[in-house]
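Chemist:
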Amino acid sequence: MLQAFNFRIILEYMPLYSQCFMATLWLSAVSLIGALLIGTAACAMRIGHYRPLARIAVIYIESIRSTPLLAQLYLVYFGLPSLGIRMSEEMTGILVLTLNSGAYMAEIIRGGIQSIPSGHIEAGIASGLNYFQRMRYIILPPALGATLPAMLGQAIVLVKDSALLSLISIMELTRAGQILTSERFMPVEGFLTTAAFYLLIYYILKSLTSWSQKRLIFREIH
Amino acid sequence: MGNTGFEKKITLLRPNDIKPTFFKKIAAMGIKDMITFKNVNKWFGKHHVLKEINLNVEPGEVLVVCGPSGSGKSTLLRCINRLESLQSGEIIIDGIKVHGRETNITKLRAEIGFVFQQFNLYPHMTAIENITIAPIKVRKLKKEVARKLGQEILDKVGLGDKAGSYPSQLSGGQQQRVAIARGLCMQPKIMLFDEPTSSLDPEMINEVLDVIRNLANEGMTMIVVTHEMGFAREAANRVAFIDEGRLVEIAPPEKFFKNPKNERTRLFLSKILAR
Amino acid sequence: MWGYYLEQLIGSLPLFLKGLGITAAVSILSLVGGTIIGFFLGVIRAGGIKPVRFLIGGWVDLIRGTPFLVQLFIVFFIFPDVGIHLDALPAAVLSLTNLSACFICEIVAGGILAVPAGQKEAAAASGLSAYQQMRYLVMPQAMPTILPPLVGQYVLLIKDSSVISVIGVVDITRVGWLTVQRIPEGLMVFGLVGILYFIICYPIIRFSNLLEKRMKFGKYRF
Numbered sequence: 096m097l098q099a100f101n102f103r104i105i106l107e108y109m110p111l112y113s114q115c116f117m118a119t120l121w122l123s124a125v126s127l128i129g130a131l132l133i134g135t136a137a138c139a140m141r142i143g144h145y146r147p148l149a150r151i152a153v154i155y156i157e158s159i160r161s162t163p164l165l166a167q168l169y170l171v172y173f174g175l176p177s178l179g180i181r182m183s184e185e186m187t188g189i190l191v192l193t194l195n196s197g198a199y200m201a202e203i204i205r206g207g208i209q210s211i212p213s214g215h216i217e218a219g220i221a222s223g224l225n226y227f228q229r230m231r232y233i234i235l236p237p238a239l240g241a242t243l244p245a246m247l248g249q250a251i252v253l254v255k256d257s258a259l260l261s262l263i264s265i266m267e268l269t270r271a272g273q274i275l276t277s278e279r280f281m282p283v284e285g286f287l288t289t290a291a292f293y294l295l296i297y298y299i300l301k302s303l304t305s306w307s308q309k310r311l312i313f314r315e316i317h
Numbered sequence: 044m045g046n047t048g049f050e051k052k053i054t055l056l057r058p059n060d061i062k063p064t065f066f067k068k069i070a071a072m073g074i075k076d077m078i079t080f081k082n083v084n085k086w087f088g089k090h091h092v093l094k095e096i097n098l099n100v101e102p103g104e105v106l107v108v109c110g111p112s113g114s115g116k117s118t119l120l121r122c123i124n125r126l127e128s129l130q131s132g133e134i135i136i137d138g139i140k141v142h143g144r145e146t147n148i149t150k151l152r153a154e155i156g157f158v159f160q161q162f163n164l165y166p167h168m169t170a171i172e173n174i175t176i177a178p179i180k181v182r183k184l185k186k187e188v189a190r191k192l193g194q195e196i197l198d199k200v201g202l203g204d205k206a207g208s209y210p211s212q213l214s215g216g217q218q219q220r221v222a223i224a225r226g227l228c229m230q231p232k233i234m235l236f237d238e239p240t241s242s243l244d245p246e247m248i249n250e251v252l253d254v255i256r257n258l259a260n261e262g263m264t265m266i267v268v269t270h271e272m273g274f275a276r277e278a279a280n281r282v283a284f285i286d287e288g289r290l291v292e293i294a295p296p297e298k299f300f301k302n303p304k305n306e307r308t309r310l311f312l313s314k315i316l317a318r
Numbered sequence: 002m003w004g005y006y007l008e009q010l011i012g013s014l015p016l017f018l019k020g021l022g023i024t025a026a027v028s029i030l031s032l033v034g035g036t037i038i039g040f041f042l043g044v045i046r047a048g049g050i051k052p053v054r055f056l057i058g059g060w061v062d063l064i065r066g067t068p069f070l071v072q073l074f075i076v077f078f079i080f081p082d083v084g085i086h087l088d089a090l091p092a093a094v095l096s097l098t099n100l101s102a103c104f105i106c107e108i109v110a111g112g113i114l115a116v117p118a119g120q121k122e123a124a125a126a127s128g129l130s131a132y133q134q135m136r137y138l139v140m141p142q143a144m145p146t147i148l149p150p151l152v153g154q155y156v157l158l159i160k161d162s163s164v165i166s167v168i169g170v171v172d173i174t175r176v177g178w179l180t181v182q183r184i185p186e187g188l189m190v191f192g193l194v195g196i197l198y199f200i201i202c203y204p205i206i207r208f209s210n211l212l213e214k215r216m217k218f219g220k221y222r223f
C-alpha cells in the first residue's frame, strides 16, 4: 500500500520526529566526544611503554570489537541494577555508545599514529623534544588529519548504532517509528520517515568525509 | 651494446637494403596496406587530440612516430587497437575496421602486439606466465605448447634464464623485454610500441632497442612512438612527426632528418638532437 | 543467591548453545549469499555502464545510510503491507544478506579500482576478453586489497546478526534476553552471551589482522 502513503500522519507526528531527531543528534554527539576522549586515552595506553596499562587497553579494545553492541547494551542495562547502580536510560545509552565507539576510535587513532614516518619522530627526538612535545607537535597533528575520514566514518556508524537505544525505550528516531507503528499501526510511514532522517545525517557526514579526503590528498601533493 | 647476441646480424642487415621475406610474401598476396587511417578525428571532451589523420603503413614497414609530449602520438597508437574510441573517420587493419560495430575487437587485438611505456607486466605472474597467459586463454594453446613457445621467445629477447622470475625481480630493461616477448608470443601481425624506452635508465635503453631492431629486420610491421632519433634513423622505413594532433610530416629517414619540409619539424629536431 | 543463579544459568546452557547454532546458521547463510551478490555487484560497480553503476551506488548508500534495525523493521513490518509475508528467520536472513552484500560490493569495487589501469589495458591489448581480464589479471591483483576488509566484514556481520533477536529470532542475544527475565543477573547472563560472541569473533578478527600484515609485506608472493 505504498501508493496510499499517508503524508498527513507524518505531518501530525512531525513534532515527535523533530524532537527525536534532535535526540539522536544529541546522543550521538555526546557519545562521539566521549569516544574521542576514551579512544585517545586507550590508544595512548596501548602504544605506551607501561605494560599493564597496555594490556588493559588491549583487553578493552578487543572485547568491545569482538562482541555486538546490542549484547553490550543489554549487559549494562540489565547488569548495572544487579550491581546496585541506578542510571537513567539515556545515561546507560550514552555510556554504552561511548565505550563501544571508544574502542574503534582507539584503533583508528593508532592507525593514524603508525602512519607517521619514523623519521619524523626521530627528527623530533634529535631536536630535543620530549615525549609530550613530540606527540603534540609532530605526531598528533598529521595523525589526526590522516584519520579524519575514518573518524567521520565512525561517526556515521555511531549515529546508526544509536538506533539500538530505542530497544531500551530511549526516545530517538527509531523509537519514533516504533511509536507511530504501535499507536496508529502505520509501519510504512513510521519507518520510512525514520529512515529518511537517518539518510539526511548520513549524506551530510558522507559529503564531509569526501571533503576531508580531498583535502588530505591535496595536502599530500603540496 | 646490449647482450641479446644479435649484434652481428644488426651490422650485416639494414632494413632499407634488404627487403625481408615476410614482407615479400605478404606483398605477393596483393594486400596493399596493413594499417590505414582515414580522416581520423578524436576529442577528449573539448580537447581535439587527433586532427584529420590520414596515414598508411605497408606490411613489413617500420614507422617511427615522434613529436612533442601531448601532441597526440600515444593516442594515435592507442586508437589502433581501440584502447581509445574515435569520434570520426576510421582505422582499417588488414581489411578490418577497428572501430566497426560488428568487429570482434578481442580477436583483432590478438593480432596486434602492444608494448607500453610503463611495461604493465602482471605483478602476480612470473615472466613465462606473463607471456603465455594470452596464448593459452585467447589462442587456446595447450599449456605445454605455449610454454615452449614462450621459452623460445624469451630466449630470443635474451631472457631465457629469467622465465621463472617475477617482474619485481627484473630490471626495467628486462621488464620491457618481457613485455615485448608478451606481445610477440601471440604471433601478431603488427607490433605497436608506445615510448618503450622512455621510462628506462639510459644504460638499459639499448638492450630494448636491439630487440626492436631485430624485429624490424625480421620484417615485422611496426609503429614505434619514440624520441630515440638514432633508432629512427637506422631502423625506420619512414618517420612521422605529429604536433598538436596533426600529422605534420612523414618521410623516409634520410629526407626527414636531412631536410625536413616543415618549419615545426625542423624546430623539434633541432631541440631533440641538441640534447 | 548468586550461586543459585549460576546453577540455573548452567542449567540453561543447552538453550544458549541452541542460540549459538541459530546465530551461526543465520550468519553463514547471509555471509555466503552476501559474498556472492556483493562480488557480483562490486564487479559491475567498478566497470559496468553508468546508469547501472549509479543505481548500485544509490542502493548501497541507502543501506549504508540507515541503521540495520530500521532495515529489519522495514522488511518485517512493511513487506507484509505490499503482500510479501516473511517469517522472522527468512526476514532476518534476507536483510542481513542485503546488508553484507552492500558492504562487500564497496570493498570489491574499491579493490578492483585500486588495480592500475595499465594492467587492464595490457590485458585488453593482448586480446583477453573482459571476463578473462577480470578472472586472470584484475581479480588476482585485487584480492590482497579485498581480503582483509572482507574478513573484517564477516565479523561485523556476525555482530549485526544480534539485532535480529529484536524480531523474535532466538539467537544468542535473544536467549540472553529471555534468560534475564528468569535470572535477574544481567552481568552474568550477558557476560555469557558476550563470551560466546567473543569466541566466534575474536579468532576471525585475528585472522583478518594476520591477512592484512601478510598482504602488506608479501604482496603477490603467497
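Chains as they are written, first to last, in this note's numbering: chain A, 96 to 317; chain B, 44 to 318; chain C, 2 to 223. Heads up, the beta-carbon is just placed ideally off N, CA and C, and yes, glycines get one too.
Name the chain C residues that come within less than 9 Å of K255 of chain A, Cβ to Cβ?
Modeler: R65, G66, T67, P68, F69, L70 and V71
Chemist: Please name the residue in B:L235, B:R307, B:E287 and B:H167 whose C-alpha comes closest to that of K324 of chain B.
Modeler: Here chain B covers residues 44 to 318 and nothing more, so residue 324 of chain B does not appear.
Chemist: For the stretch 175-208 of chain B, list every residue whose C-beta sits within 7 Å of some C-beta in chain C, in sequence order.
Modeler: I176, A177, K180 and V181
Chemist: Drop a sphere of 10 angstroms on the beta-carbon of K214 of chain C, count the other beta-carbons inside from all chains shown, and report buried for 16 or more, exposed for fewer.
Modeler: exposed
Chemist: Under 7 Å between the Cβ atoms of L229 of chain C and F69 of chain C?
Modeler: Missing from the structure shown is residue 229 of chain C; chain C here goes from 2 to 223 and no further.
Chemist: Run the CB neighbour count on H144 of chain A, radius 10 Å, all protein chains shown included, and call it buried at 16 or more, exposed below.
Modeler: exposed
Chemist: Where DSSP assigns a beta bridge to T264 of chain B, which residues make up the other side?
Modeler: B:I233
Chemist: Just the C-alpha distance for M263 of chain B and V254 of chain B, rounded to the nearest angstrom, thanks.
Modeler: 12 Å
Chemist: Going along chain C, which residues have a C-beta under 8 Å from A153 of chain B?
Modeler: S127 and G128
Chemist: Hey, which unbroken runs of the beta strand (DSSP E) at 3 residues or more fall wholly within the stretch 128-213 of chain B?
Modeler: 131-136 and 155-158
Chemist: Leaving out the 5 sequence neighbours to the left and right, which residues in its chain are closer than 8 Å to A143 of chain C when beta-carbon positions are compared?
Modeler: V109, G112, I113, A115 and V116
Chemist: Can you tell me the Cα-Cα spacing of L95 of chain C and L287 of chain A, whole angstroms?
Modeler: 18 Å
Chemist: With R281 of chain B as the anchor, note down where its alpha helix (DSSP H) starts and where it stops.
Modeler: Here R281 of chain B belongs to no alpha helix (DSSP H); instead the beta strand (DSSP E) covers R281 to D286.
Chemist: Could you work out which residue in A:L165, A:L192 and A:L168 is closest to I128 of chain A when comparing CA atoms only?
Modeler: Checking every option, the nearest Cα to that of I128 of chain A belongs to A:L192.
Chemist: L126 of chain B CB to nearest chain C CB: under 7 Å?
Modeler: yes
Chemist: Provide the residue(s) that pair with H91 of chain B in DSSP beta bridges, ordered along the chain.
Modeler: B:W86
Chemist: Taking I173 of chain C as part of the alpha helix (DSSP H), name the residues at either end of that continuous run.
Modeler: I173 to R183
Chemist: Using the rule of at least 16 other Cβ atoms within 10 Å of the residue's Cβ for burial, across every protein chain shown, is M229 of chain B buried or exposed?
Modeler: buried
Chemist: Report the option in C:A47, C:I23, C:I184 and C:G153 whose CA atom is closest to the CA atom of M135 of chain C.
Modeler: C:A47
Chemist: Cβ atoms of L303 of chain A and L247 of chain A: under 7 Å apart, would you say?
Modeler: Yes, Cβ-Cβ distance for L247 of chain A and L303 of chain A is below 7 Å.
Chemist: Quick one: which residues of the stretch 142-169 of chain A get their C-beta closer than 8 Å to a C-beta of chain C? List them in chain order.
Modeler: E157, S158, R160, S161, T162, P163, L164, L165, A166, Q167 and Y169
Chemist: How about S177 of chain A and E186 of chain C: are their beta carbons less than 7 Å apart?
Modeler: yes
Chemist: Could you pull the DSSP bridge partners for N302 of chain B from this structure?
Modeler: Bridge partners of N302 of chain B: none, in fact.
Chemist: Taking the alpha helix (DSSP H) that E292 of chain B belongs to, which residues open and close that run?
Modeler: First-last for E292 of chain B: R289 to A294, but that is the beta strand (DSSP E), not the alpha helix (DSSP H).
Chemist: Quick one: grab the DSSP three-state call for K75 of chain B.
Modeler: Secondary structure of K75 of chain B (DSSP, three-state): coil.
Chemist: From G156 of chain B to V221 of chain B, what distance separates their C-alpha atoms?
Modeler: 12 Å
Chemist: DSSP on V105 of chain B, reduced to helix/strand/coil?
Modeler: Reduced to three states, the DSSP call for V105 of chain B is strand.
Chemist: So with CB distances below 7 Å, who are the chain B contacts of G119 of chain C?
Modeler: F159, Q161 and N163
Chemist: Under the assumption that L90 of chain C contacts V170 of chain C (Cβ atoms under 8 Å), give the Cβ distance between them as a whole number of angstroms.
Modeler: 6 Å
Chemist: Check whether the stretch 192-199 of chain C and the stretch 124-141 of chain C touch, using three or more Cβ-Cβ pairs below 8 Å as the test.
Modeler: Using a C-beta cut-off of 8 Å, the stretch 192-199 of chain C makes no contact with the stretch 124-141 of chain C, since fewer than three inter-stretch Cβ pairs fall below that distance.
Chemist: Does chain C have any CB closer than 7 Å to the CB of L243 of chain A?
Modeler: Cβ-Cβ to chain C under 7 Å: no for L243 of chain A.
Chemist: Quick check on the DSSP output: the alpha helix (DSSP H) that includes R276 of chain B runs from which residue to which?
Modeler: M272 to A278
Chemist: Once you ignore the five residues that flank F159 of chain B on each side, which residues in its own chain have a CB closer than 6 Å to its CB?
Modeler: Around F159 of chain B: D237.
Chemist: With a threshold of 7 Å between beta-carbons, can L138 of chain C be considered close to chain B, or not?
Modeler: yes
Chemist: Considering only residues of the same chain and omitting the five flanking positions on each side of Y155 of chain A, which have a CB-CB separation below 7 Å?
Modeler: A137 and A198
Chemist: For chain C, check one thing: does any of its Cβ atoms lie closer than 7 Å to the Cβ of L106 of chain A?
Modeler: no
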